[in-house]
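Reviewing the structure listed below.
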Amino acid sequence: MACVEKHDEHWSYNDPNQWPKFFLAASGLSQSPIDIPTADTVFQSYPPFIFSEKYHSNELFKLVNNGHQVAATLADHTYGQSEKDLWFTGGGIKGVFYFVNFHLHWGKNDRHGSEHEIDGHRYPAEAHVVFKNHETGQIAVFAFLFTVTNHWYEENLEWEKYCDAAGQLMNIDDTIQCMFNLSRLMQANERRFFRYIGSLTTPPCSEGVIWTIFTNTVPVKEESLNQLRQNVMRKVYRPVQPLNNRVVFISN
Ligand SMILES: [Zn+2]
């Protein structure tokens, strides 16, 4: 995931093993993403997530090609909308977390593209919705793994919209505005998820990030991902990092 970044930071997805030279945290012992070993996960009961009212309504977002990915933030506040209106609490995480951005990671073809893997299995893309606790500065990320569907009626329309819009942003700093509904992008409630503590998956790769990775996959058409691969960037994901004895929980 990326919290805040600029394209003039000197890193790229061509050489992620070079990141620790410039970003110390990237060589830490609690890095993300990871390959989740399902046989070793620990069952845990979590209270439900509680989302703010605006989480369920259409809001205007601004998509930016920042040179590493296409991140969507809430558009300018002239509409009377504010990140303060998009928050969640619960889900076993202490405090109130406010929306920061959402974005997608993808690969050159369907064989790879996700950041997290499950039992060594890679997915063609992975969405991140990033939230931040303004009191503690802690980051929590919701992650969704994608599968490719050949049936148009199965495709998640909200993510199709993201791919259509992001696919137009061919150059760095290109932007476009678009309405999105976070609850349709996330569909987070009553779904099982993995939980572990890791890091940002982009420099500076800071640790202490609370990850929630849903087991249900999001179906998209290959054409949607092709728009990103062909028009924007060919691959935007960090390879998996060592688990180093961390426990991965799975919700009951
Ligand atoms: Zn990400």
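Quick note on UniProt numbering: the sequence shown kicks off at 1 and runs consecutively.
Heads up, the beta-carbon is just placed ideally off N, CA and C, and yes, glycines get one too.
Closest by C-alpha distance to I34, out of G107, P239, A26 and F88, is P239.
Three or more beta-carbon pairs separated by less than 8 Å link the region 69-78 to the region 164-181, which places the two stretches in contact. Rounded to the nearest whole angstrom, the CA to CA distance from K84 to H112 is 35 Å. Looking at the backbone, the Cα of A188 and that of E160 are separated by about 18 Å. In this structure, H105 has its CB closer than 7 Å to one or more heavy atoms of ligand 1.
T201 has its Cβ nearer than 7 Å to a heavy atom of ligand 1. Excluding residues up to 5 positions away in sequence, F43 and S45 lie with their Cβ nearer than 6 Å to the Cβ of N252 in the same chain.
With respect to the C-alpha of I250, the residue from E222, R191 and N156 having the closest C-alpha is R191.
Assigned with DSSP and collapsed to three states, S45 falls in coil, not helix or strand.
Burial is judged here by how many other beta carbons sit within 10 angstroms of a residue's own beta carbon; A39 has fewer than 16 and is exposed. In the DSSP assignment, C205 falls outside any beta strand (DSSP E), carrying neither H nor E.
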